[in-house]
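Novice: Under my numbering, the first residue of the sequence shown carries the number 7, and numbering increases by one thereafter.
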Amino acid sequence: MSAAAKRLDFFDMLKGLAIFLVVAGHVLSMCIRDIDRTFLLKMVGEIHMPLFFFISGYFTFKISGSDNRVSFPSLGSRFRQLIVPGTVTALLWMVYFPHSGLESPFEMTWEGMWLQPFKCGYWFTFVLFEIIVLYRFTVGVSGRHVRPVVMLTVSTVVWALLSAATFFESVAESEPARLLSLSLVASFYPAFMAGAFARMSGDRFFGFCNRGDVFTVSLTGSAFLIYLLAYRWEFTYLHESIFVIAQPLLHVALAIVAVALVKPWAERAYSATATPIDRRFASLWSYLGRQSLAIYLLHYFFLFPLSPLQEPLRQMSLGFVPSLTVAVTVASLVIAVTLLFNLVISRSYLLSWLLAGRFNVVKS
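#1: Which of the three DSSP states is assigned to Ser-193 in this structure?
#2: Are the CB atoms of Leu-304 and Thr-131 within a distance shorter than 9 Å?
#3: Determine the DSSP secondary structure at Arg-75, reduced to helix, strand or coil.
#4: What's the call for Met-322, buried or exposed, on a 16-neighbour Cβ count within 10 Å?
#5: Given this structure, state the Cα-to-Cα distance separating Gln-122 from Ala-178, to the nearest angstrom.
#6: Which residues share a DSSP beta bridge with His-151?
#7: Take the Cβ of Asn-348 as the centre, count every other Cβ of all protein chains shown within 10 Å, and call the residue buried at 16 or more, exposed below.
#8: Could you check what DSSP says for Ser-70 in three-state terms: helix, strand or coil?
#9: With contact counted as at least three CB pairs below 8 Å, one residue from each stretch, are the segment 58-75 and the segment 204-213 in contact?
#10: Between which two residues does the alpha helix (DSSP H) carrying Tyr-102 extend?
#11: Express the C-alpha separation of Leu-299 and Arg-86 in angstroms, rounding to a whole number.
#12: Taking Cys-37 and Leu-309 to be in contact with their CB atoms under 8 Å, please state how far apart those CB atoms are, rounded to whole angstroms.
#13: Take His-357 and list the residues in its own chain whose beta-carbon comes closer than 6 Å to its own, dropping the five residues that flank it on each side.
#14: Where does Gly-201 sit, in a helix, a strand or coil, going by DSSP?
#15: If you draw a straight line from the alpha carbon of Phe-241 to that of Leu-186, how long is it in whole angstroms?
#16: Return the first residue and the last residue of the alpha helix (DSSP H) that Pro-328 is part of.
#17: Any idea what DSSP makes of Phe-112, helix, strand or coil?
#18: Taking a contact to mean a Cβ-Cβ separation below 9 Å, would you say Leu-108 touches Pro-311 in this structure?
#19: Which same chain residues end up closer than 8 Å to Val-133 when comparing Cβ atoms and leaving out the 5 residues on each side of it in sequence?
#20: What do you get for Trp-239, buried or exposed, if any count of 16 or more other CB atoms within 10 angstroms of its CB means buried?
Structure below.
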């Protein structure tokens, strides 16, 4: 198998792991609910979305022509892929939610859909599109040539302006800022740009991730930063700017750890000497990764209440292992049903686009 194919499998596997964490997190936060202080939920909440933005940034960065120019992403196709299905499924979910028996950490109202940052839970598609728009602006201001220092300077200025805006309550709480989910754009723009810079650096990035000292620093740094951000009320003596800086550092460290762990796994699993079981297991995660947008858009409809588990988990002090067991088991069931539904609608071009984000499916 070619190096390019292995790399594709690696990113698909990484997306598969990330989307599984998304569903597992929603099992804890919506199916069981009222156990928000469990460490597993806090850890999962800090891990999965930065990986999606990093991978999106990696694949958005492209070079075209012989003059080493950075390509502009097609905003039209990204709008059709992200905003249209994101809006349709969010509106359907808002209507269906009162009949689901679930509790939600999001505001499940018309105002929550448009004037709250989390968009009834569908914020990712909106925020990713906005970041792609900002990326196009960043590339344009940088001159469209591969000049890492210039692009890094421009992207740092863009992130600083976004972060500064969130410091002013009059700006952060304004209707335009809430409509655009400005705080989330500021949080994940660095992770997206980190992916673009990783693609720009080529194999040097993967070589950097393979270094033992880099992995050690990234892993220990991730653990500390997750604790810092998840339990920030324990660090009242720190200025808010420390948390703002800590977030992009965490996202970069998580990307390095993920690459260092999953890329060698993918290479072994798809090598000529891999066992059939290893290859099937890796293929499962790759498949989830290729269906990650559809799973994200559809899985809310297949969550179900698990309120009776609240008290048993509390009696076990919200332990990591029992919480993980419940989250993994239920998430597996929810994803299986989601994939089955996705298979059913795949026969329809219109439904595949509006509900699963596949606007480029060939019509039968």
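For glycine and all other residues, C-beta sits at the position ideal for the given N, C-alpha and C.
Specialist: Let's see:
#1: helix
#2: no
#3: strand
#4: exposed
#5: 11 Å
#6: Arg-75
#7: buried
#8: strand
#9: yes
#10: 90-102
#11: 13 Å
#12: 5 Å
#13: The sequence given here has Leu at residue 357, not His. The answer, listed in chain order, is Ile-351.
#14: helix
#15: 29 Å
#16: 326-351
#17: coil
#18: yes
#19: Ser-187, Leu-190, Val-191 and Phe-194
#20: exposed
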